[in-house]
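These notes are about the structure you will find just below.
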């Protein structure tokens, strides 16, 4: 019987090619967008190079100060002083990586400008994060303390500045008229890892910002707190929150400080949508949920409409099947199976399309070092979603069809 | 084989009530070939549909094979039709997307049969109507007469006890119509199949065992 249904399903698809195209396009396009978006979110959100210990890290990104009486507010990264002095006093973290947002500088090679994204870090940065060193090693605490002009560079900058040479460790790179000795070369970091992305990594003691005398709270730095184990995260989070609550606000314009040590996802959302104590996660979760629901609901409704039209065109066939012994339930089953075949076909096309689109995005180089990959869990879920599509968009039309009176159905040609 | 008692069929809209069948009492014996004739709109097809359990009477009772179908559910009716009845329609009602063999197998899909059994029975039925060489054709590749023969094969593949034919030769020329009639007569004679046929053709009707005439929903002969 399934073979018969399959034959009929394929024959119906071939009968009205335009309707089939619309149905398949709706399903495959929806799936493609979901797969590409998920691959992107997966790349940004999940543990990824060099942030491989994400499961036991908390992230300190933005500091917000508010004046409840005057309505003033200030928001931005922390100062080095705040992170070093206050976060550095915590007992729970095993290590704390402090780094600046990336800054811009320039180097010149054969009179050609090479743009460089520069980042200042502490020594513990290299212990918390897991950069792949293609050669050499990171700078150490001694070199940071001594403000030695040493640097770790990315493989792209190595090639852009030095060319295709075997090793550059010990060589000098000049940026903004300052020479730095290369201690290591690391594998490129995709820009989607914006906290860790950089072309050149330097000791924070070489930073142009006045980290020594700036005892304020705002600056250009963020921190990653590494716990001994994932179980310590709640304790570390609480310790950080308690620490922030004790900080005296010295600025006369503000009376509240908001600074949080969050998981990666929450810290990202808070950066974009947070306000005071509200991290914005709830809004994002609800928003995402509504988006995904609508995104999937619209093609489902589209399919339902198309299916109703198609089924009504087959009234005569329905009448004949009923006359010869098909019960309403059997017919509903038949049409749902036909619909599932259609949606699975659309799903396969969607998966193929998403592979092509990911390849194009990866090769276009629009986002530096972005390497989108198919997430096989999402792939499996997507196929399940297709089955669900097939079921949902087939049930109502099939039910409508099964209610058709046999005599009236046979009269329709 | 078939017993209809006081069958009435009323069609109601918001404003009009139409009595399509008026107190029809009819008995069809096992192995009988009955014709039903009458002018257009007299209720012939309605009567046939009610006999075939495709439509429900407004009043009256139906007994088929000594079984009353009054309280049958949709599922029970479907199963009963599949087992006891075969249908032949004026417009053939073949499924154009399926090959001839698949069309003939259709009634067997709703029984507990294997694919091998279905194929064997369908091939046998097509052989009876002389279409063994058209198994893989599609209905659109056949003539009217051939399509009707496929429809007959479909009607008999499940070996039903009763065949209901609604103007089976209505869309055919006289030569093809005679061919179809010969097949039905042979089925009735050799297999003992009870056949009830609605027809406009007096010549066809004369070949059957008995003729019933309807006029304005009532039986007049």
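Protein chains in written order, with our numbering: chain A, 37 to 449; chain B, 45 to 265. For every residue, glycine included, the Cβ atom is placed at its ideal position computed from N, Cα and C. Computed from a predicted model, the values in this text were never measured in an experiment.
{"query": "Inter-stretch contact (C-beta, 8 Å, three-pair minimum) for the stretch 159–172 of chain A and the stretch 289–299 of chain A", "result": "no"}
{"query": "Residue 121(A) burial status per 10 Å Cβ neighbour count (16 or more: buried)", "result": "exposed"}
{"query": "Residue 94(B) versus residue 59(A): straight-line alpha-carbon distance, rounded", "result": "39 Å"}
{"query": "Sequence-distant residues of the same chain with beta carbon closer than 6 Å to residue 185(A), five excluded per side", "result": "216"}
{"query": "Which of helix, strand or coil DSSP assigns to residue 15(A)", "result": "Here chain A comprises residues numbered 37 to 449, so residue 15(A) is not present and cannot be evaluated."}
{"query": "Neighbour-count burial assignment, residue 176(B), 16 or more Cβ in a 10 Å radius", "result": "exposed"}
{"query": "Range of the contiguous alpha helix (DSSP H) that encloses residue 36(A)", "result": "Because chain A spans 37 through 449 in this model, residue 36(A) falls outside it and cannot be assessed."}
{"query": "Contact with chain B by residue 372(A), beta-carbon distance below 8 Å", "result": "no"}
{"query": "Identity of the residue in 261(B), 238(B), 211(B) nearest residue 246(B) by Cα", "result": "211(B)"}
{"query": "The beta strand (DSSP E) enclosing residue 207(B), as first and last residue numbers", "result": "206–210"}
{"query": "Contacting positions in the stretch 89–114 of chain B - beta carbon closer than 8 Å to chain A", "result": "93, 96, 98, 99"}
{"query": "Chain-ordered residues of the stretch 352–367 of chain A with a beta carbon less than 9 Å from chain D", "result": "As a matter of chain content, chain D is missing from the structure shown, whose protein chains are A and B."}
{"query": "Residue 229(A) (DSSP reduced to helix, strand or coil)", "result": "coil"}
{"query": "Length of the line joining the Cα atoms of residue 241(B) and residue 79(B)", "result": "5 Å"}
{"query": "Selection of the stretch 150–178 of chain B by Cβ proximity to chain A, strictly under 8 Å", "result": "150, 151, 153, 154, 155, 159"}
{"query": "Opposing strand residues paired with residue 262(B) [DSSP bridges]", "result": "259(B)"}
{"query": "Contact with chain B by residue 446(A), beta-carbon distance below 8 Å", "result": "yes"}
{"query": "Residue 44(A): contacting residues in chain B (beta-carbon distance under 9 Å)", "result": "139, 141, 142, 146"}
{"query": "Beta-carbon separation (whole angstroms), residue 438(A) vs residue 364(A), contact threshold 8 Å", "result": "4 Å"}
{"query": "Chain-ordered neighbours of residue 51(A) on chain B, where CB pairs are closer than 7 Å", "result": "141"}
{"query": "Limits of the alpha helix (DSSP H) - the one that residue 98(A) falls within", "result": "Residue 98(A) -> not in any alpha helix (DSSP H); beta strand (DSSP E) instead, spanning 98–102."}
{"query": "Nearest residue (CA-CA) to residue 252(A), options 119(A), 262(A), 160(A), 162(A)", "result": "119(A)"}
{"query": "Unbroken beta strand (DSSP E) run spanning residue 143(A), endpoints", "result": "139–145"}
{"query": "Beta carbon proximity, residue 126(B) to chain A, threshold 8 Å", "result": "yes"}
{"query": "Stretch-stretch touch, CB-based, cutoff 8 Å, three pairs: the stretch 178–196 of chain A with the stretch 145–165 of chain A", "result": "yes"}
{"query": "Span separating the alpha-carbon of residue 359(A) from that of residue 254(B)", "result": "25 Å"}
{"query": "Where the alpha helix (DSSP H) containing residue 126(B) begins and where it ends", "result": "118–128"}
{"query": "Counted within 10 angstroms of its Cβ, other Cβ atoms place residue 322(A) as buried (16 or more) or exposed", "result": "exposed"}
{"query": "Exposed unless 16 or more other CB atoms sit within 10 angstroms - verdict on residue 36(A)", "result": "One cannot answer for residue 36(A) here, as it falls past the ends of chain A, which runs 37 to 449."}
{"query": "Any chain B beta carbon closer than 8 Å to residue 443(A)", "result": "yes"}
{"query": "Residues that residue 37(A) contacts on chain B, provided the C-beta gap is smaller than 8 Å", "result": "153"}
{"query": "Chain B contacts made by the stretch 407–439 of chain A, where a contact means CB separation under 8 Å", "result": "none"}
{"query": "C-beta contact flag for residue 238(B) and residue 206(B) at 8 Å", "result": "yes"}
{"query": "Distance between residue 108(B) and residue 121(B) (C-alpha atoms, nearest Å)", "result": "12 Å"}
{"query": "Whole-angstrom distance between residue 335(A) and residue 66(A), CA atom to CA atom", "result": "7 Å"}
{"query": "Whole-number beta carbon distance between residue 306(A) and residue 106(A), since they are thought to touch under 8 Å", "result": "No, residue 106(A) and residue 306(A) are not in contact; Cβ-Cβ is about 24 Å, not under 8 Å."}
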